[in-house]
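What follows is a set of notes on a single structure, which appears directly below.
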Amino acid sequence: MIEIDEDLCKGCEICVAFCAKDVLEMSDKFNKKGVHPPLVVREEDCNLCGNCMLYCPDLAIVVAEEEESG
Ligand code: SF4
Ligand code: SF4
1 MIEIDEDLCK GCEICVAFCA KDVLEMSDKF NKKGVHPPLV VREEDCNLCG NCMLYCPDLA
61 IVVAEEEESG
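The opening position of the sequence shown corresponds to residue 1 in full-length UniProt numbering, with each subsequent residue numbered one higher.
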């Protein structure tokens, strides 16, 4: 599970650059800061490596394993 707090994002694209799986792309929309936040486009390819979360300078991304339901 990848959660992006879009309004924390400053649009630096580091997360896109550090994802070896091309899971993220910059979106076309603008957040509250007036920049483009990333979008999760291939979540099924995500290996939960955490790079996007670790390298985001603004702590806008959280990566976690799905919680078991039930
Ligand atoms: S956790 Fe790793 S594979 Fe998944 S989106 Fe982030 S950088 Fe890409
Ligand atoms: S690394 Fe963080 S601040 Fe930079 S584009 Fe990605 S989510 Fe936004």
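All C-beta atoms, glycine included, are put in the ideal place defined by N, C-alpha and C. Since we're looking at a predicted model, the values are computed, not measured.
Taking the alpha-carbon positions, what's the residue i to residue j distance?
i	j	result
M26	V16	7 angstroms
C12	R42	20 angstroms
D5	V62	8 angstroms
N51	D28	23 angstroms
V40	M1	10 angstroms
N47	K21	8 angstroms
K32	D7	6 angstroms
I believe residue i touches residue j by the beta-carbon criterion, under 8 angstroms. Please report the beta-carbon distance rounded to the nearest angstrom.
i	j	result
D58	C19	That pair is no contact at about 16 angstroms.
When we look at the beta-carbon of residue i and count the other beta-carbons within 10 Å, is it buried (16 or more) or exposed?
i	result
M53	buried
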